[in-house]
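All remarks here apply to the structure that follows.
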C-alpha cells in the first residue's frame with residue numbers, strides 16, 4: 006500500500022519524484038491541471054469506479070451500488086497547485102481517497118450506498134484571487150460575476166474555463182442537490198505543526214478559518230527620480246512600506262493578546278510603472294487575514310483601515326481599500342468528526358482536535374452536506390513551497406482512516 | 006515658429022496633442038521608437054539635412070558644408086520615453102535642434118563647419134535598467150556584456166536591438182572619433198523647478214548627477230498564509246518594508262544636513278510568487294541614488310548596506326545588494342557654458358546656473374567632446390508623467406538659444 010500511494014501520487018503529479026527544487030506549478034483551469042485530472046480518471050477506472058465530469062470540470066469517481074441507497078458518501082480534494090507549490094496540497098486527499106477505495110475493494114467490502122472520490126477544480130486562489138471554484142460550483146455557491154477576474158497575463162477566469170473545454174455560463178449546472186450526498190470528508194496535509202507539537206498522529210478539524218481579503222491601492226504621483234526633491238514627492242511605494250510593517254507588527258501583537266491565533270499577510274504587491282528612474286505612482290497590495298475568531302479578524306481589518314487613513318494624511322498618497330472576501334469561519338459537522346475519531350480509534354491512531362487556518366473545498370461542501378476535515382502531518386509544517394512533504398506512512402494512515410470512515414458511513 | 010515647433014513635436018509623437026491622460030509609451034528599441042525616429046528623418050530631410058543611421062540606430066541629421074572644416078558642431082537628444090511618460094523629455098531637445106536649423110536656414114546663414122542634429126536611441130533606463138545606450142555607443146562607452154539584460158517580458162537588449170534591424174555585436178561600430186565633432190550641446194526640459202524658483206528663463210548646467218543604482222534581493226521563505234504562525238515566518242516583503250522606509254527617511258534627513266541635494270528612491274519592486282495565499286518568498290528592489298556630491302551618494306549607499314545587515318539579523322531574511330551602476334558625476338565644459346550664456350544674452354534671456362539631478366545623453370558625449378546642457382522650464386517640474394509639459398514659448402526660446410550657439414560655434 007505504501008508504494009501504491011507514492012506511485013499513484015507521482016502519476017497524478019506527472020513525475021517520478023514528489024519533491025523537486027522547482028516544485029509543481031499546476032494552476033486552476035490550465036492544461037497542466039487537466040492533464041493531472043485525466044490521470045485521476047485513469048486510476049479511478051483502474052479501481053473499477055465510474056467517472057463523470059461535471060459542468061465545472063470537477064471529476065466524480067463513483068462506486069455505484071445497484072439497488073442500494075441513492076445518497077453517496079463522498080471524499081475528495083483537488084489537484085491544482087500554487088506556482089512552485091508541492092505535490093501534496095490537494096494531491097494527498099485525492100490519492101488517499103482512491104487508496105481507501107482500493108483497501109475496501111481488496112477487503113471485498115460491499116457498500117450499501119455509493120462511495121465517491123471527487124477531484125475538484127481550481128482550489129487555490131493564486132491565479133484569480135478566488136479559491137475553491139469547483140467546490141463552490143458543486144455546492145451552489147458560485148457567483149458567475151467573478152468570471153471577469155483576470156490572472157496576471159490578462160486571461161479572464163471565464164476564458165481559462167473555456168480553454169479547458171467548459172462554458173463559464175454553465176458552471177452553475179455543476180450544483181448538486183442536497184439529496185445526492187449523505188456526507189463529505191476531505192483529507193488534507195496539515196500545513197502546520199500542531200499535530201506534531203501535540204504528539205498526535207492526525208488532526209480532526211472543528212472550524213475552518215475563512216479569510217478577509219483586502220485589495221489596497223496607494224495612488225501617488227509619478228515623477229523623475231533624479232529631479233524630484235525628496236520633500237516634494239508622493240511616492241506610492243514609500244507610503245506602502247509603513248503599511249506593510251503595520252500589518253506584520255499588529256498581527257504579531259494580537260497573537261500575544263488573544264487566545265485564538267490570527268495571521269495577516271501582505272502577500273501580493275505590484276508597483277507601477279516599476280521603472281528604475283520613475284517614482285512609484287501606484288501600488289496595489291493584497292492583504293490576507295485569517296482566524297477562526299471572526300471578531301479578531303474584523304478587529305485586524307479595522308486597524309488596517311485606521312492605519313491607512315493615518316498614512317494618507319501623513320504622505321498625501323491616496324489609499325483605497327476594497328474588501329475582496331469576507332466570509333465567516335465554517336464549523337464542521339460534529340457527528341462526522343466523531344465518526345472520524347472512531348475510525349482512528351480502530352487503527353490506534355491518536356487524533357488532535359484543532360482548527361484550520363487554511364480554507365479548503367470542504368468549507369463549501371459543509372454549507373450543504375454534513376462534512377468533516379482530516380489532517381495528516383506534513384514535514385516542518387511547510388506548504389505552498391517546493392519542500393512540501395508528507396511521508397508514505399502518513400498517506401497510508403490517511404487511506405486507512407478514510408476507508409474505516411467510508412465503511413462506517415455506508416453500512417447504512 | 007511657435008506653431009512649427011508644436012506641430013513638428015506632435016508629428017514625432019505620432020499624435021496631434023502633446024498632453025494626454027495615458028501619456029506616451031515609446032520605449033527604447035521598440036517599433037514605437039523607430040516610428041518616431043522615421044518622422045525625425047522626414048523632418049530633417051524637409052529641412053535639407055542629410056540623414057545617416059549609425060550601427061546603434063542613432064540618427065545623425067547633418068548640414069554638410071562642402072569645403073569647410075570637418076569637425077561638426079552637434080546638438081541633439083532622444084525620442085524614447087518611459088512607460089506613460091511625456092512628449093517633451095527628449096522630444097523637446099530634438100525639435101528645438103531641428104527648429105534651430107530652420108531658423109539658421111531661414112536667415113540664410115552659411116556655416117563654416119557642419120552642423121548636426123542627433124537623435125539618440127534608448128536614453129531611458131526604464132526598459133533594461135541601463136540608460137543612454139545610443140550615446141554610450143557613439144561615445145565609445147558601450148560595454149557589450151549588457152546585451153543579456155532582459156526587459157520585463159524576458160526580451161534581451163540584444164534581441165530588442167535586433168528586432169529594430171540592428172546587430173548587437175556591431176553596436177560598438179557606432180563609436181565616432183574625437184575629430185568628427187567639435188562640440189555637443191543637449192537641450193532638455195528641466196524636470197524640476199529651479200529655473201522658476203530663481204525667476205530665470207533657462208538653465209545652464211555645470212554638473213550632471215550620475216546615479217548609484219542597487220539591486221537588492223530579499224530571500225525569505227514561502228509558506229501558506231493561513232497556516233504559518235506569525236512568529237515562524239521569513240516574509241521577504243515584511244523585511245523589505247522597513248528597508249523602503251529607511252531609504253525614504255534617510256534621504257530626507259541627509260537633505261537637512263548637507264548642502265548639495267540628494268535623492269534616493271526605491272523605484273522598482275517585484276515580489277514573488279505574488280499569490281494571495283503564499284507568504285512572499287523573494288523580493289527584488291531597485292534603488293536609485295543621485296547627487297552631484299559623489300561623497301554624499303556613497304554615504305547613502307553605505308547606510309543602506311548597514312541597514313540591510315540590521316534587517317537581515319532581525320528577520321532571518323537574507324539580503325544581498327548588487328551595485329548595478331556607480332558612476333561619478335560629470336562636469337560639463339566651461340567654455341561651451343559661456344557660449345550658451347552669451348547666446349542667452351543676445352536674446353535677453355536670463356540664465357540660471359545649476360546642476361542636473363537627471364542623467365542625459367550629454368553625460369556620455371562629454372567624456373569625449375566639449376559639451377553643454379541647456380534646460381528649458383517645464384510645468385510644475387513634472388516629468389516621466391503624462392502631465393509633463395513645456396510651453397511653445399519656451400520651445401521657441403530653446404530653438405533661438407541653440408541657433409545662436411550653433412551660429413557662434415560654426416563661424417570658426
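Chains as they are written, first to last, in my numbering: chain A, 6 to 417; chain B, 6 to 417.
Even for Gly, the Cβ is constructed at its ideal location relative to N, Cα and C.
The model shown is predicted, which means the values in this text are computed figures rather than measured ones.
inquiry  = Between which two residues does the beta strand (DSSP E) holding residue 191 (chain A) run?
reply    = Translated into positions along the first chain, residue 191 (chain A) becomes position 186. Start and end: 186 to 194.
Which listed residue (A:395, A:360 and A:238) has its alpha carbon closest to that of residue 212 (chain A) = Your numbering for residue 212 (chain A) matches position 207 in the first chain. That would be A:360, whose Cα lies nearest to the Cα of residue 212 (chain A).
request  = Return yes when the Cβ of residue 54 (chain A) is within less than 8 angstroms of the Cβ of residue 100 (chain A), no when it is not.
outcome  = Translated into positions along the first chain, residue 100 (chain A) becomes position 95. Translated into positions along the first chain, residue 54 (chain A) becomes position 49. Their beta carbons are not under 8 angstroms apart, which means residue 100 (chain A) does not touch residue 54 (chain A) by this criterion.
Local Cβ density within 10 Å of residue 268 (chain B), reported as buried at 16 or more and exposed below that = Taking the first residue of the second chain as position 1, residue 268 (chain B) is located at position 263. Label assigned to residue 268 (chain B): buried.
inquiry  = Please give me, in chain order, every unbroken run of the alpha helix (DSSP H) with length at least 4 that falls completely inside the stretch 217 to 249 of chain A.
reply    = none
key: Minimum C-alpha distance to residue 258 (chain A) - residue among A:284, A:304 and A:286   = The sequence position of residue 258 (chain A) within the first chain is 253, counting from 1. With distances taken between CA atoms, residue 258 (chain A) lies nearest to A:304 out of A:284, A:304 and A:286.
request  = Express the C-alpha separation of residue 178 (chain B) and residue 36 (chain B) in angstroms, rounding to a whole number.
outcome  = Here the question's residue 36 (chain B) lines up with position 31 in the second chain. Here the question's residue 178 (chain B) lines up with position 173 in the second chain. In a straight line, the C-alpha of residue 36 (chain B) is about 22 angstroms away from that of residue 178 (chain B).
message = For a quick check, are the C-beta atoms of residue 391 (chain B) and residue 38 (chain B) less than 8 angstroms apart?
response = Here residue 391 (chain B) corresponds to residue number 386 of the second chain, with the count starting at 1. Here residue 38 (chain B) corresponds to residue number 33 of the second chain, with the count starting at 1. Not a contact, by the Cβ cut-off of 8 angstroms.
message = Is it buried or exposed, residue 31 (chain A), if we count other Cβ atoms within 10 angstroms and call 16 or more buried?
response = Here residue 31 (chain A) is taken as the residue at index 26 of the first chain, counted from 1. Buried, by the Cβ-count rule.
task = Could you work out which residues of chain B lie near residue 218 (chain A), taking near to mean beta carbons separated by less than 7 angstroms?
result = Counting from 1 along the first chain, the entry for residue 218 (chain A) is found at position 213. Going along chain B in sequence order, the residues near residue 218 (chain A) (Cβ under 7 angstroms) are 281.
ask   = Considering residue 203 (chain A), what are the terminal residues of the beta strand (DSSP E) in which it resides?
value = As a working mapping, residue 203 (chain A) is identified with position 198 in the first chain. For residue 203 (chain A), no beta strand (DSSP E) run applies, since DSSP gives it neither H nor E.
query = Using a beta-carbon distance below 8 angstroms, is residue 389 (chain A) in contact with chain B?
reply = Within the first chain, numbered from 1, the residue matching residue 389 (chain A) stands at position 384. At least one chain B Cβ lies under 8 angstroms of residue 389 (chain A).
task = Tell me, please, whether the stretch 139 to 157 of chain B touches the stretch 364 to 376 of chain B by the rule of three or more beta-carbon pairs shorter than 8 angstroms.
result = yes
Contained alpha helix (DSSP H) runs [length at least 4] in the stretch 114 to 156 of chain A, N- to C-terminal order = 138 to 143
query = Can you tell me whether DSSP reads residue 400 (chain B) as helix, strand or coil?
reply = Along the second chain, one-based indexing puts residue 400 (chain B) at 395. When DSSP states are grouped into helix, strand and coil, residue 400 (chain B) belongs to the helix group.
message = Closest to residue 328 (chain B) by C-alpha separation, out of B:241, B:113, B:8 and B:134, would be which residue?
response = Position 323 of the second chain holds residue 328 (chain B). It is B:134 whose Cα lies nearest to the Cα of residue 328 (chain B).
ask   = Any Cβ of chain B within less than 8 angstroms of the Cβ of residue 191 (chain A)?
value = Working through the first chain from its first residue, we reach residue 191 (chain A) at position 186. Chain B, which has no Cβ nearer than 8 angstroms to the Cβ of residue 191 (chain A), makes this no.
query = Do you know offhand how far residue 320 (chain B)'s Cα is from residue 347 (chain B)'s?
reply = In the second chain, residue 320 (chain B) corresponds to position 315, counting from 1. In the second chain, residue 347 (chain B) corresponds to position 342, counting from 1. Approximately 59 angstroms, taken between the alpha carbons.
ask   = residue 244 (chain B) and residue 322 (chain B) look like a contact to me (Cβ under 8 angstroms); what is the Cβ gap, rounded to whole Å?
value = On the second chain, residue 244 (chain B) is found 239 positions in, with the first residue counted as 1. On the second chain, residue 322 (chain B) is found 317 positions in, with the first residue counted as 1. 4 angstroms between Cβ atoms; contact.
request  = Have a look at residue 65 (chain B) and residue 57 (chain B) and give me their C-alpha separation to the nearest angstrom.
outcome  = The residue given as residue 65 (chain B) occupies position 60 in the second chain. The residue given as residue 57 (chain B) occupies position 52 in the second chain. The alpha-carbon atoms of residue 65 (chain B) and residue 57 (chain B) are separated by roughly 5 angstroms.
key: Bounding residues of the alpha helix (DSSP H) (the contiguous stretch that carries residue 343 (chain A))   = In the first chain, the residue the question calls residue 343 (chain A) occupies position 338. Start and end: 339 to 352.
query = Between the C-alpha atoms of residue 69 (chain B) and residue 414 (chain B), what's the straight-line distance to the nearest angstrom?
reply = Taking the first residue of the second chain as 1, we reach residue 69 (chain B) at position 64. Taking the first residue of the second chain as 1, we reach residue 414 (chain B) at position 409. Rounded to the nearest angstrom, the two C-alpha atoms are 15 angstroms apart.
query = Exposed or buried, residue 71 (chain B), counting other C-beta atoms within 10 Å across all chains shown (16 or more means buried)?
reply = Mapped onto the second chain, residue 71 (chain B) falls at position 66. The residue in question, residue 71 (chain B), is exposed, as its Cβ has fewer than 16 Cβ neighbours within 10 Å.
8 angstroms Cβ cutoff, residue 347 (chain B) in contact with chain A = Along the second chain, one-based indexing puts residue 347 (chain B) at 342. Closer than 8 angstroms: no.
key: Candidates B:78, B:82, B:62 and B:119, of which the one nearest residue 167 (chain B) by Cα   = Mapped onto the second chain, residue 167 (chain B) falls at position 162. Nearest option by C-alpha distance: B:62.
ask   = Does the beta carbon of residue 272 (chain B) come closer than 8 angstroms to any beta carbon on chain A?
value = Here the question's residue 272 (chain B) lines up with position 267 in the second chain. Yes, residue 272 (chain B) lies at the interface with chain A (some Cβ there is under 8 angstroms from its Cβ).
query = I think residue 356 (chain B) touches residue 97 (chain B), with their Cβ atoms under 8 angstroms apart; what is that distance to the nearest whole Å?
reply = Walking along the second chain from the start, residue 356 (chain B) turns up at place 351. Walking along the second chain from the start, residue 97 (chain B) turns up at place 92. No, residue 356 (chain B) and residue 97 (chain B) are not in contact; Cβ-Cβ is about 17 angstroms, not under 8 angstroms.
Within 8 angstroms, strictly: CB atoms of residue 197 (chain A) and residue 362 (chain A) = For the purposes of this step, residue 197 (chain A) is taken as residue 192 along the first chain, with counting starting at 1. For the purposes of this step, residue 362 (chain A) is taken as residue 357 along the first chain, with counting starting at 1. Going by C-beta atoms, residue 197 (chain A) is nearer than 8 angstroms to residue 362 (chain A).
message = On the DSSP letters alone, give me the boundaries of the alpha helix (DSSP H) that residue 162 (chain B) sits inside.
response = What you label residue 162 (chain B) is simply residue 157 of the second chain in a count that begins at 1. Its alpha helix (DSSP H) spans residues 162 to 168.
inquiry  = Please confirm whether residue 325 (chain A) has its beta-carbon closer than 8 angstroms to some beta-carbon of chain B.
reply    = In the first chain, the residue the question calls residue 325 (chain A) occupies position 320. Not closer than 8 angstroms to any Cβ of chain B, the Cβ of residue 325 (chain A) fails to qualify, so no.
query = Does residue 318 (chain B) have its Cβ less than 8 angstroms from a Cβ in chain A?
reply = To locate residue 318 (chain B), count along the second chain from 1; it is residue 313. It does not; no Cβ of chain A falls within 8 angstroms.
ask   = Apart from the five residues on each side of it in sequence, which residues of its chain come closer than 6 angstroms, Cβ to Cβ, to residue 274 (chain A)?
value = Along the first chain, read from residue 1 onward, the residue named residue 274 (chain A) stands at position 269. For residue 274 (chain A), where only same-chain residues beyond five positions count, the Cβ hits under 6 angstroms are 290.
query = Is there contact here, the stretch 282 to 301 of chain B with the stretch 371 to 383 of chain B, by at least three beta-carbon pairs under 8 angstroms?
reply = no
task = Starting from the C-beta of residue 187 (chain B), find all residues in its chain whose C-beta is less than 6 angstroms away, skip the five residues before and the five after it, and write them out in chain order.
result = For this step, residue 187 (chain B) is matched to residue 182 along the second chain. Within the same chain, residue 187 (chain B) has close Cβ partners 76 and 78.
query = Is the Cβ of residue 235 (chain A) closer than 8 angstroms to any Cβ of chain B?
reply = Position 230 of the first chain, counted from the first residue, corresponds to residue 235 (chain A). Yes, contact with chain B.
message = Determine, for residue 301 (chain B), whether the minimum Cβ-Cβ distance to residues of chain A falls below 8 angstroms.
response = Residue mapping note: residue 301 (chain B) aligns to position 296 of the second chain, counting from 1. Closer than 8 angstroms: no.
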